[in-house]
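Okay, so here's the structure we're looking at.
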């Protein structure tokens, strides 16, 4: 259960980082040679969870898998580069902003539900 809270916390942090990065991309829509950036997290999480299911702990001294997933900031390369060398696509950024808002809302709803369930168990 604690691992779930840790994953939710990390996902909320990544969502906040994405919001900041998306705002930076939008603010630099006309900056020459600026390259749009993104944060990679889900594929890293999938890989960590996949590794965790394949590892077996045979001693209490063994390290646990899946801890410390660090989101990676990368330049976006799948958008068209303009004459000034900038590749920020405002439509893509607005879509990413809306998608990230929904992602954040879903995460906070999950966290709220878990806390309500815990509160119910404690109080009843």
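Numbering (full-length UniProt numbering), first residue to last: 1 to 124. Backbone N, C-alpha and C fix where the C-beta goes; we use that ideal spot for every residue, glycine too.
According to DSSP, simplified to helix, strand and coil, what is residue i?
i	result
residue 38	strand
residue 65	Note on residue 65: pLDDT 45, under 50, position unreliable in the model; no value is reported.
residue 4	helix
residue 79	coil
Identify, in the order they occur along the chain, each residue of the same chain with its Cβ nearer than 6 Å to the Cβ of residue i, setting aside the five sequence neighbours on each side.
i	result
residue 33	85
residue 104	15
residue 111	8
With residue i as the anchor, note down where its alpha helix (DSSP H) starts and where it stops.
i	result
residue 84	From DSSP, residue 84 is part of no alpha helix (DSSP H); its letter is neither H nor E.
residue 123	90-123
Excluding five sequence neighbours on each side, which residues of the same chain lie with their C-beta closer than 7 Å to the C-beta of residue i?
i	result
residue 97	22
residue 79	36, 87, 89 and 92
Select from the options the residue whose C-alpha is nearest the C-alpha of residue i.
i	options	result
residue 74	7, 12 and 25	25
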